[in-house]
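Residue numbers (my numbering): 2 to 273. One structure is given below, encoded as structure tokens.
Shown next, in the form of structure tokens:
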């Protein structure tokens, strides 16, 4: 083989090597892009698990989230009666598993009715309707969610009592009014709500009865055409004096087949 052929063969090998390296670089770049995309999707999913969609979007685009005032939102509070006594009868594992079992199902109901879960505080559960996007049907939806939660608890308590276990007795209260929303914290930030509306909702819960849905007069005025209620009259409330309250007995028969109207503008029964 003469020198020209050797040079030619050497060039061919170098070209092949360069092509191979180029191919590997392209593969590496593609894998890096796919890995980055996957990590970004995981990050977005985690953010949406902590924050409402609009709030997460604002935080990603601007690096901050501005507080917002909603003149009319509905707040739902739940609490387990005799929770401390239940704690004493369960192991730490059983206690956490039981709370997780119930709160997971509350989450599903809250999502179904287009509400925003805010947080759990010990054995209490807090969610809100009418945020982060204002709408007119949130009082009806939050009452429907409350009725479904109590129906769920009544079912499980009957099953627990059949096998000799303690019932988890739930009180539940709702109030409608103005509140402020915002994101607080830096390392472990959280979406939260503030205002007297939140405090009154908590009083509705503590002044309620096990298995019942207790609502304030402001909520009653917005849902009275849709639900059958029983007036409780004026009830003394800590730091609030006397407040008019109502128990929700159920949806009015004429509205049973018309529940879709509670979700106008929210894409049906899912979250909008």
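Each residue gets a CB set at the ideal place from its N, CA and C atoms; glycine is no exception.
Item	Value
Under three-state DSSP, which class holds residue 257?	helix
As a quick exercise: from 193, 240 and 82, pick the residue whose alpha carbon is nearest that of residue 53.	193
Taking its Cβ as the centre, do 16 or more other Cβ atoms sit within 10 Å of residue 265, making it buried, or is it exposed?	Per-residue confidence for residue 265 stands at a pLDDT of 49, beneath the threshold of 50, marking its modelled position as unreliable; the derived number appears in the next sentence. Exposed.
Given a cut-off of 9 angstroms on the beta-carbon distance, is the pair residue 126 and residue 145 in contact?	no
The ligand PLP and residue 128: does any heavy atom of the ligand fall closer than 8 angstroms to the residue's C-beta?	The model on display carries no ligand, and the ligand PLP is accordingly not part of it.
Mind listing, in chain order, the continuous alpha helix (DSSP H) runs of no fewer than 4 residues lying wholly within the stretch 51 to 88?	54 to 63
Excluding the five sequence neighbours on either side, which residues of its own chain have a C-beta within less than 6 angstroms of the C-beta of residue 203, listed in chain order?	78
Span of the beta strand (DSSP E) holding residue 231?	228 to 238
Using a threshold of 9 angstroms, state whether the C-beta atoms of residue 214 and residue 138 are closer than that.	no
Given this structure, state the Cα-to-Cα distance separating residue 121 from residue 110, to the nearest angstrom.	15 angstroms
Which whole-angstrom value describes the C-beta separation of residue 180 and residue 196, a residue pair presumed to lie in contact below a C-beta threshold of 8 angstroms?	4 angstroms
Look at the alpha carbon of residue 168 and the alpha carbon of residue 87, and state the distance between them as a whole number of angstroms.	9 angstroms
Which residues in the same chain as residue 211 place their Cβ atom closer than 7 angstroms to its Cβ, once the five residues preceding and following it in sequence are excluded?	82, 170, 171 and 172
List the residues that DSSP assigns as beta-bridge partners of residue 195.	181
How long is the line joining the alpha carbons of residue 217 and residue 182, rounded to whole angstroms?	21 angstroms
In whole angstroms, what is the alpha-carbon distance linking residue 253 and residue 102?	31 angstroms
Could you give the C-beta distance for residue 243 and residue 235, rounded to a whole number, given that I count them as a contact under 8 angstroms?	4 angstroms
Please list the segments of the beta strand (DSSP E) lying wholly inside the stretch 76 to 149, counting only runs of 3 or more residues, in order along the chain.	117 to 122 and 125 to 130
Residue 124 to residue 222, Cα distance in whole Å?	29 angstroms
Using the three-state DSSP reduction, which class does residue 217 fall into: helix, strand or coil?	strand
Pick from 256, 207 and 17: whose alpha carbon is nearest that of residue 227?	256
Go ahead and pull the three-state DSSP assignment for residue 17.	helix
Tell me, to the nearest whole angstrom, how far the beta carbon of residue 207 is from that of residue 177; I am working on the premise that it is less than 8 angstroms.	The Cβ separation is near 18 angstroms, so there is no contact.
Leaving out five residues on either side along the sequence, give the residues of the same chain with a beta carbon under 8 angstroms from the beta carbon of residue 198.	74, 76, 176, 177, 178, 179 and 180
What three-state label does DSSP hand residue 224 in the structure shown?	helix
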